[in-house]
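In what follows, a structure is listed as structure tokens, so that the remarks can point back to it.
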Amino acid sequence: MNHPGAALAVLAGAGLLPLSTVPAEEDAFTVDLSVPDGATAVWIDLESAEVAASLVTGYLDGAALDLQDTALGVTAIAEVSPGETVLGILTDEELDVDLYIAFTDESGNILSWQSSSEQLVPEIPDGEEGPEETPAPSPTPTTTPTPTDSGSPSAEPSPDPSGSPSPQEDGSTEPDPAGTTSESPPSAPQSEAAEDEEDEASGGLAATGAVIAWTVAGAAALLLAGAALAYAARARKGGAL
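Residue 60 in the numbering used here sits at position 60 of the sequence shown, and the numbers go up by one each step.
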């Protein structure tokens with residue numbers, strides 16, 4: 001509501017509500033108020049679509065306010081005396097509210113009023129902290145055990161398959177007993193056998209092709225020889241006639 005006087009007029013017939021004395025809350029949202037001379041009551045309105053009397057608790061100098069639900073939010077009326085006073089508000093949820101405060105005399109006339117937009121935040125109980133992100137644990141390196149002569153696993157690293165000397169603890173290298181550097185192992189026998197099979201296969205194909213070629217050539221020669229003999233026989237027969 002933009003005009004607190006209208007809200008106060010709606011509540012004018014409600015009268016003053018009794019207060020019960022309770023300890024003041026240290027973590028409450030507080031407002032320091034100056035009660036003007038002649039004021040006998042203070043009207044407190046919290047206006048928001050989300051606010052409800054079940055979500056907020058109000059205090060005035062440590063005395064609990066009787067907050068009531070209204071069409072615009074919640075309201076409370078309390079007796080006051082001229083001087084300084086402190087308004088405290090606790091909430092169970094984060095709320096954005098419009099706060100209206102007005103002081104009235106015995107006749108209900110407004111002596112002074114003030115308004116502000118406030119954000120109410122729930123208090124954090126003692127000993128509790130807000131959520132924190134826990135960093136993911138870093139992986140721990142492990143050593144793969146290698147078998148020893150006794151058959152039990154050993155945590156020592158396996159030797160380099162290339163045959164190069166392994167470094168000692170003091171930083172020196174262990175010399176080769178033969179005094180020579182071992183060479184890289186020859187290629188696998190399976191690779192040589194595969195190559196031999198490929199060579200034999202290619203050679204067999206070549207030999208087969210040569211046999212076929214000679215066979216065709218021989219057949220052609222026989223055909224030519226037969227034709228020549230037949231021609232000669234015919235020629236002789238014709239000469240005899």
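Where a beta carbon is used, it is the ideal one built from N, C-alpha and C, also for glycine.
Endpoints, beta strand (DSSP E) assigned at Ala52: Here Ala52 belongs to no beta strand (DSSP E), and DSSP marks it neither H nor E.
Measuring alpha carbon to alpha carbon, tell me which of Ala78, Leu67, Ala52 ends up nearest Ala102. The shortest C-alpha separation from Ala102 is found at Ala78.
Are Val35 and Thr85 closer than 8 Å when you measure CB to CB? Yes; because the gap between Cβ atoms is below 8 Å, this pair is in contact.
DSSP state of Thr40, grouped into three classes? Coil.
Does the Cβ of Glu169 have 16 or more other Cβ atoms within 10 Å, making it buried, or fewer, making it exposed? With a pLDDT of 48 at Glu169, under the threshold of 50, the modelled position of that residue is not reliable, and the figure given next carries that caveat. Looking at its Cβ environment, which holds fewer than 16 other Cβ atoms inside 10 Å, Glu169 is exposed.
Local conformation of Leu222 per DSSP, three classes: The answer is helix: DSSP assigns Leu222 an H, G or I state.
Could you give the first and the last residue of the continuous beta strand (DSSP E) run that contains Ala76? Ala76 -> beta strand (DSSP E) spans 73–79.
Between the C-alpha atoms of Leu120 and Leu72, what's the straight-line distance to the nearest angstrom? The C-alpha of Leu72 is placed about 17 Å away from the C-alpha of Leu120.
DSSP-derived helix/strand/coil call for Ala28: DSSP places Ala28 in the coil class of the three-state scheme, outside both helix and strand.
Can you look up Leu229 in the DSSP assignment and give me helix, strand or coil? In this structure, DSSP gives Leu229 a helical state, which the three-state scheme calls helix.
Quick one: what's got a C-beta closer than 6 Å to Thr30's C-beta in the same chain, skipping five residues either side? Sequence-distant partners of Thr30 (beyond 5 residues in either direction) whose C-beta falls short of 6 Å from its own C-beta, in its chain, are Val86, Gly88.
Report yes if the C-beta distance between Ser116 and Leu99 is below 8 Å; otherwise report no. Result yes, Cβ atoms of Ser116 and Leu99 sit closer than 8 Å.
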